[in-house]
Each structure stands twice: as C-alpha cells, then as structure tokens.
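Visitor: All letters in the sequence shown, in the order written, are residues 0 to 127 by numbering that gives the first Met the number 0.
Sharing a structure, written as structure tokens. Questions coming.
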Amino acid sequence: MVIENHPLLDDGTPFPTLYWLTCPILLKRVSRLEAGGEMARLNGRLDTDASLRTRLEGSIQRLISRRDALAVLESQMAPPGGGPDKVKCLHAHVAQELADAPNPVGGWALSQTGWPDCIAGCVQDPAP
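Right, here's the structure in full:
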C-alpha cells in the first residue's frame with residue numbers, strides 16, 4: 000500500500016516525499032477527502048488544537064530523521080504533506096501512517112477511507 004523512496008533521485012534532485020502511497024483504491028479514497036475540503040477543516044483544527052499540532056510535529060520530525068538517515072537534503076524543502084501548522088497533502092500523511100505510525104492526520108484520514116485491508120485482491124490479474 001506504500002513504499003519508501005530514497006530521498007534523492009539518481010541525478011541528485013530531491014524526491015518530494017519519503018513515503019509514497021501506491022494502493023489505487025486508497026489513492027482514490029484519499030483524493031475524495033481532499034476534494035471534499037477535509038484539508039481546510041484539518042488546517043482549522045491545527046489552528047485551535049495544540050495537542051494535534053504537537054503530535055503532527057512529532058510525526059514530521061520522525062519522518063525528517065528517517066529521511067536524513069538515508070540522505071541529508073541540501074535545500075530546506077517543506078516537509079512532505081506540509082508542516083505542523085498546515086496540511087498540504089493527505090496522501091503523504093496516510094503513507095506515513097501506514098509505513099511509520101503514528102501520524103495523527105494520516106490516521107484520521109485512513110479511518111475515513113474505510114481502510115482497504117488487502118486481504119482479498121482488489122485488482123484482477125490479467126488472464127494467462
């Protein structure tokens with residue numbers, strides 16, 4: 000459902016995020032949350048909920064530490080998915096929740112998707 004990328008491409012360009020959501024079902028469901036205005040509502044919560052903001056900041060710091068263990072980026076890029084005071088990409092937060100929980104924003108978003116569990120295949124293999 001998620002992969003971990005190296006922070007740098009072969010040419011040295013920074014990759015936009017460490018964790019990348021790959022499940023097509025989950026991608027669509029998270030995209031619906033974004034299209035439905037959930038990021039704006041979450042950003043409003045971050046403005047008023049210091050506990051949520053603190054927990055999100057811890058998740059982001061953990062992600063940056065993991066990324067820096069693989070490769071320290073020269074530029075000061077914004078954290079994947081936004082910073083502790085603004086959610087820019089729910090996909091990045093859900094990917095971190097799956098790969099390296101907890102991420103409070105990713106956990107919330109994942110709970111809203113119906114959590115596809117991958118017990119049964121969601122994509123049919125082509126006929127042999």
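Ideal Cβ positions, reconstructed from N, Cα and C, are used throughout, including at glycine.
Apply the 10 Å Cβ neighbour rule to S50 and answer buried if 16 or more other Cβ atoms are within range, or exposed otherwise.
Guide: Under this definition S50 is an exposed residue.
Visitor: Apart from the five residues just before and just after A91, which ones in its own chain have a Cβ nearer than 6 Å to its Cβ?
Guide: T16, P79, G80
Visitor: So, for G113: in the same chain, excluding its five sequence neighbours on each side, which residues have a beta-carbon less than 8 Å away from its beta-carbon?
Guide: R28
Visitor: Measure the C-alpha to C-alpha separation of E73 and L89 and round it to an integer number of angstroms.
Guide: 25 Å
Visitor: From the DSSP output, in three-state form, read off E96 for me.
Guide: helix
Visitor: Going straight from the alpha carbon of A39 to that of L55, what length do you get?
Guide: 16 Å
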